[in-house]
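Going left to right, the sequence shown walks through residues 544 to 1529 as the working numbering numbers them. Backbone N, C-alpha and C fix where the C-beta goes; we use that ideal spot for every residue, glycine too. Worksheet for the structure shown next.
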Amino acid sequence: MRPQAVPGFEELEISVLRAGDHVWLSAQSRMGSVFAVRRSIPEWKLPNDVTGKSIDAPSDWLTDTVRHARTDAASPALDVGKVLTDLVFGVPEIVTLLQQSRGIAQTSGTRLLLRVLAAPQDVCAWPWELLLDPQRPDRFLAMARDVHVVRSGRSRTYPIRQAPIEPPLNLLLVMSSPLRAGPEDSEAPFDLYAEKRSLLSELQPLIARGLLRVVVEDRPSVERLRSRMATQRRGFHLFHYLGHANPDGLKLERRNGRGRLLPSQEFALLLQQLPDLRLAVFAGCETARAPAGVVDDDPWPGPLSSADICVRDACPMVIGMQAVLPFRTERLLTRFFYQALTAGQPVAEALRLARLAVNGDENSGEPLLDWAVPCLFVGGSEPGAIIDPEAKARPEPAPRRNELRLGIRQGELRFISRLAELREGVDVLSGQTSARLLHVVGMPSTGKTALLDRILEELDPRIALLFISAKRLLAEPDPMREFAHLVAELIGDAGVRTVREGRFSAGDWWERLLGDLTEVPAAIVIDDGDLLLADTPGAADLLTALILLTERRGCARLAVATTGDLVELTASLRPSEVRTIRLDALSWPEVWQWIRRNLPALTRYPEKDLSLLYTDVRHLELWEQLADLASQNGTFDPQDLPNLVRQLGVGTAKPPEPDTGSDFFGAETAVSAVAEPEPAPVRRALRLAVAGPFTIGRREEIAVAVTQCAIEHGVPGRVVAGETGEGESALAELLPQELVFADGVPAERDVCRWMEDAAAADADILVFDYGNAVPSDEQNAVIARLVGDGRLVIASGDHSDEPVYPAWTADAFAVGAIEDDGTLTHETPYFADLGKPDVYAPRTITGTTCDRLVDRPEMEGTTFAALYVAVAAMLVWATDRDLSAREVRELLVETAARIPAGGGDTARKLDVDAALDRARRTVIVGAIGSDALELGQLLAETPIRPELAVPILDDLVADGTRIRRVVRNGVEQYECVDDDAGPRNE
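Right under this line is the structure:
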């Protein structure tokens, strides 16, 4: 076991081996050796985690500290480091060896390589990177100029590979962010394309200089990885994994896009296909930690981390992570590490330089401990240089992008959180599917423009791009000819000769250009596509030009953004030739996932407290500003959040217009002022009118409460008090119309006037707490007219022993109340002959997310039951906007649970979850229509969150009556069982 002198390093090996309640220490170098020093297991005095719970292990403390970006970590880190330092260097003979070996290294012009072999895994999990420098006890040894701290692998099963490689180094970059399997899947999907672009941007200077060649695999199934590894000339020397992992393995994808956890042993076998692999970097979560549950009688070698297993079986050097690094730290670490590595620095030195860069960064550095998360595991070889610094590299010219983006206002790309939709859009416009048309549909300001701009940004540079608004084209004297000129310019810049315009008409010239366009990989994006249906001169010709484009084979793809389905454009295409992405307002889970991956400081607050801000903090940019304010504040007390939000200038005041193209609620195309064509009718947010004695003057509170209900039930979007602002979108708008009950029961004419005013404001749902024992023909007539116009009128049915009006009219949706035990309240008996009340709901909303709806939630009765039903109706209707008000009402009744009503009769009790499940199933089946869709395509077609949609889809397949799963040419797809099913929205 005696180490040999290796050029470049002076080695000192230290082993720390636990046996029962103590550890055995050994150390050896060229200067001597010390064996079998018995030391007591350290006692850890660690601060509580962010929730106030105690922490027993230093590894758990480090995980909590990094995950929540704790700025109070400096002192505990020194305390942990002191415990480790006293354990090892508290032995005089060992600290003497350290000093002697360090002196020899300085004399010979090398660096000391401190190898730590710690076992079993609970000891290996201690953060050895926090060892203090005995010469400078306030500094960490891993940051010293003359020392490298690395972990020794427990074993090795392959020959040492040491000789430097001539450039370029081949790097396989694997990025894995599979679909969430269900609500219980807590792993937050990350913006795969953003991280891909960021990492490649950091590595681009090295690529341009010919030092590095990068191959990216962003759909990493086992089969695709094997193919990548087998087809790469010269093999891969470096392997970099970015994605989800846990101590048991790394997350890859199945062919259908779902995730699979590949055990660490199987992953190591996969890496054995790379015979010249020198370094693997696992940037996934906790790849340097072994599975939990280590016990003393585990057979040798016991549970190992993914990094330790790969050092043993596949690769001489592996960098693993002790905790979950924020993405911005990963980018910083990657940039400086590979810069140093390709400059010929030893791997250990490249990592030390990267640690210093992270620690000195304004956002990721001191007092945070991000720098301590990476661990370098080394097999039998030294962590020396991989590339020959004297070898000559051959620079490769970067491809030039051929693009025309006209009239688009671009925002920051990092403020995008449409992951499934982004992936589907990239697949279509890059020509990886048979689809010729990408149709992006969403209400105004849901981020259609921002999404399409982001999709174009992620396409291969060799694909020519044209992005323009129909509004801009229709402002030209001849829109079709202007469009043809732009496409001809794009084709010419791609190096393809085009047919000259000559004396051709615009239509004839366009048809000839289409022949030239078939030779050019191109993505053409038309924004504001609703204007193609307007009566503006040239709109019909422009639509015809787009139809002709979609009818041609070739490499060109078309994308159109609209607020509704553009049947005229899709009618001539087969279902497989069209891919539709439907956008709703960004949901709170999407915002929370983005926060978790990008703003770790905010995760120190409970998610529930942050979700209450979702109503007012309407853009991802504002969340980033809030994180900065919270870090400056430093207390991270949830009670401070309202004041911090006010500093952003949002809340009760109208929020400012966003200055970038965030897609939290979207940013549409900005063009020069032209005459506005009349667009086709568009969908809008649902509108609610609520009136009653307990809701007066509480519109802001009602908006927050209903938004919380939507979050709890997985419905995307938020409710706003009033109309949405510029650049914003919402699930629903709460109208200002209120019925004043200050003087007791309102007059009949006041009730009718309130309903008329709400109708004039385009209310979709009207709910009020008003009743009279005598029916009113005038009120009944107004309600009948409102219902006939497609509105839902909800009325409380508090009546004791006799009917109450207007709830008892046929057109009103009457709501009764039930006790906590599920029985009917004495105020609302069931009238079986009339079927009233239509549905029952809880008599109180105390303790629910709806308790902010009223100023006295502890009160009880049909008032609160009616409010609960109104919220349920809104959530169902928002889930499936193709439903009519009558269908929403029927769905709520049909999915309600039956409860005994006395006399052998049964009434209906509202079941919100069942109603939403029914609506979601209808949406999923309708999205498939007569087509066969892959899972990713289906998820992009529906606005339902993947963690909700996937379990429902699996259940539908298991049922077998509506949807079946098929495999064609090795591709898993879903199709309707009824062959006569028509496509949705047709």
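Let's test the definition: count the other Cβ atoms within 10 Å of the Cβ of S1115 and tell me whether it reaches 16, buried, or not, exposed. Reading the sequence shown from its first residue, position 572 is the one you call residue 1115. When all chains shown are included, S1115 counts as exposed.
Thinking C-alpha only, which one of I929, M1023 and E1433 is nearest A886? Looking up residue 886 in the sequence shown gives position 343. Nearest of I929, M1023 and E1433 to A886, Cα basis: I929.
To the nearest whole angstrom, what separates the beta carbons of A648 and E556, a pair I think is in contact under 8 Å? Residue numbering aside, residue 648 sits at position 105 when the sequence shown is read from its first letter. Residue numbering aside, residue 556 sits at position 13 when the sequence shown is read from its first letter. Between E556 and A648 the Cβ distance is about 14 Å, and since that is not below 8 Å, they are no contact.
Minimum C-alpha distance to L875 - residue among S1174, I852 and G903: As a working mapping, residue 875 is identified with position 332 in the sequence shown. If we check each option's Cα against that of L875, G903 comes out closest.
Three-state secondary structure (DSSP) of V559: As a working mapping, residue 559 is identified with position 16 in the sequence shown. DSSP places V559 in strand when its eight states are reduced to three.
Straight-line gap, A1492 to E964 (C-alpha atoms, nearest Å): Within the sequence shown, the letter at position 949 stands for residue 1492. Within the sequence shown, the letter at position 421 stands for residue 964. Cα-Cα distance, rounded: 14 Å.
CA-CA distance, L1085 and T976? Within the sequence shown, the letter at position 542 stands for residue 1085. Within the sequence shown, the letter at position 433 stands for residue 976. Approximately 25 Å, taken between the alpha carbons.
Which residues DSSP lists as bridging C1519, in chain order: As a working note, residue 1519 is residue 976 in the sequence shown. BP columns for C1519 point to I1506.
In angstroms, rounded to a whole number, what distance separates the CA positions of C1519 and P790? One-based indexing of the sequence shown puts residue 1519 at position 976. One-based indexing of the sequence shown puts residue 790 at position 247. About 40 Å.
Quick one: what does DSSP say P1132 is sitting in, helix, strand or coil? Numbered from 1 along the sequence shown, position 589 holds the residue referred to as residue 1132. Of the three classes helix, strand and coil, the one that applies to P1132 here is helix, per DSSP.
Here's the rule: buried if 16 or more other CB atoms are within 10 angstroms of the residue's CB, otherwise exposed. What is V1514? What you label residue 1514 is simply residue 971 of the sequence shown in a count that begins at 1. The residue in question, V1514, is exposed, as its Cβ has fewer than 16 Cβ neighbours within 10 Å.
Could you tell me the alpha carbon to alpha carbon distance between P590 and P1372, rounded to whole angstroms? The residue given as residue 590 occupies position 47 in the sequence shown. The residue given as residue 1372 occupies position 829 in the sequence shown. Cα to Cα, the separation comes out at about 57 Å.
Hey, how far is the Cα of L754 from the Cα of Q865? Here residue 754 is taken as the residue at index 211 of the sequence shown, counted from 1. Here residue 865 is taken as the residue at index 322 of the sequence shown, counted from 1. Roughly 29 Å between the two C-alpha positions.
Measuring alpha carbon to alpha carbon, tell me which of T1093, G1107 and V631 ends up nearest E1120. As a position in the sequence shown, residue 1120 is number 577, starting the count at 1. Nearest C-alpha to E1120: T1093.
For H565, count the other beta carbons within 10 Å of its own beta carbon; 16 or more makes it buried, fewer makes it exposed. Which is it? Within the sequence shown, residue 565 is the residue found at index 22, counting from 1. Its Cβ having fewer than 16 others within 10 Å, H565 is exposed.
Residue range of the alpha helix (DSSP H) that C853 falls in? Here the question's residue 853 lines up with position 310 in the sequence shown. Looking at the DSSP string, the run of the alpha helix (DSSP H) that includes C853 is S849 to D856.
Going straight from the alpha carbon of L1476 to that of P763, what length do you get? Here residue 1476 is taken as the residue at index 933 of the sequence shown, counted from 1. Here residue 763 is taken as the residue at index 220 of the sequence shown, counted from 1. Those two C-alpha atoms are separated by around 21 Å.
By how many angstroms is the C-alpha of R1024 removed from the C-alpha of Q1280? Within the sequence shown, residue 1280 is the residue found at index 737, counting from 1. Within the sequence shown, residue 1024 is the residue found at index 481, counting from 1. CA-to-CA, the gap between Q1280 and R1024 works out to about 49 Å.
Through-space distance from F683 to F1207, alpha-carbon basis: Stepping through the sequence shown from its first residue, residue 1207 is reached at position 664. Stepping through the sequence shown from its first residue, residue 683 is reached at position 140. In this predicted model, F1207 has a pLDDT of only 30, less than 50, meaning its place in the structure is not dependable; the value taken from the coordinates is given anyway. Cα to Cα, F1207 sits roughly 42 Å from F683.
Looking only at its chain, what residues have a beta carbon closer than 7 Å to the beta carbon of G863, apart from the 5 residues adjacent to it on each side? Working through the sequence shown from its first residue, we reach residue 863 at position 320. Closer than 7 Å at the Cβ level, and outside the excluded window around G863, lie F825, T830, A831, S848, S849, A850, C918 and F920.
Is the beta carbon of K1452 closer than 8 Å to that of A1439? For this step, residue 1439 is matched to residue 896 along the sequence shown. For this step, residue 1452 is matched to residue 909 along the sequence shown. Yes. Within cutoff.
Give the DSSP-derived three-state secondary structure of V1193 in the structure shown. For this step, residue 1193 is matched to residue 650 along the sequence shown. If DSSP states are grouped into helix, strand and coil, V1193 belongs with coil.
Could you compute how far the alpha carbon of T541 sits from the alpha carbon of I1124? An answer regarding residue 541 cannot be provided, because it is not within the stretch 544 to 1529 covered by the chain.
Which stretch, first to last residue, makes up the beta strand (DSSP E) that contains V1382? Position 839 of the sequence shown, counting from 1, holds the residue named residue 1382. First-last of the beta strand (DSSP E) with V1382: V1382 to P1385.
Proximity below 8 Å, CB of G1479 to CB of R952: The residue labelled residue 1479 in the question sits at position 936 within the sequence shown. The residue labelled residue 952 in the question sits at position 409 within the sequence shown. No. Outside cutoff.
Roughly how far, in whole angstroms, is the beta-carbon of W1384 from the beta-carbon of A1360, given that I think they are within contact range, below 8 Å? The residue labelled residue 1384 in the question sits at position 841 within the sequence shown. The residue labelled residue 1360 in the question sits at position 817 within the sequence shown. Rather than Trp, the amino acid found at residue 1384 in this sequence is Ala. Going by Cβ atoms, the distance from A1384 to A1360 rounds to 7 Å, so yes, they are a contact pair.
Which residue wins for smallest C-alpha separation from A1088, given the options A1104, R1117, L1056 and A1077? What you label residue 1088 is simply residue 545 of the sequence shown in a count that begins at 1. Of A1104, R1117, L1056 and A1077, the residue nearest in Cα terms is L1056.
Helix, strand or coil at V634 [DSSP, three-state]: To locate residue 634, count along the sequence shown from 1; it is residue 91. V634 carries a coil assignment under DSSP once its states are collapsed to helix, strand and coil.
Taking P1132 and R697 to be in contact with their CB atoms under 8 Å, please state how far apart those CB atoms are, rounded to whole angstroms. Here residue 1132 refers to the residue found at position 589 when the sequence shown is read from its first residue. Here residue 697 refers to the residue found at position 154 when the sequence shown is read from its first residue. A Cβ-Cβ separation of about 40 Å leaves P1132 out of contact with R697 under the 8 Å criterion.
Same chain only: Cβ atoms within 6 Å of A617, ignoring 5 sequence neighbours per side: In the sequence shown, the residue the question calls residue 617 occupies position 74. Correct list, in chain order: P910.
Look up V692 in the DSSP assignment and say whether it is helix, strand or coil. Start at 1 with the first residue of the sequence shown, and residue 692 comes out as number 149. Looking at V692 - three-state DSSP - the assignment turns out to be strand.
Please classify Q1516 as buried or exposed, where buried requires at least 16 neighbouring CB atoms within 10 angstroms. The residue you call residue 1516 lines up with position 973 of the sequence shown. Buried: at least 16 other Cβ atoms inside 10 Å.
Range of the contiguous alpha helix (DSSP H) that encloses Q975: On the sequence shown, position 432 is the one that residue 975 refers to. Q975 -> no alpha helix (DSSP H), and no H or E assigned at all.
Mark G563 as exposed unless 16 or more other C-beta atoms lie within 10 angstroms of its C-beta, in which case mark it buried. Within the sequence shown, the letter at position 20 stands for residue 563. Exposed, because fewer than 16 other Cβ atoms sit within 10 Å of the Cβ of G563.
Cβ-Cβ distance between W1135 and E1150 below 8 Å: Numbered from its first residue, the sequence shown carries residue 1135 at position 592. Numbered from its first residue, the sequence shown carries residue 1150 at position 607. It is a contact, given that the beta carbons lie within the stated cut-off.
Roughly how many angstroms lie between the CA atoms of D819 and G927, to the nearest whole one? Here residue 819 refers to the residue found at position 276 when the sequence shown is read from its first residue. Here residue 927 refers to the residue found at position 384 when the sequence shown is read from its first residue. Straight-line Cα distance between these residues: approximately 15 Å.
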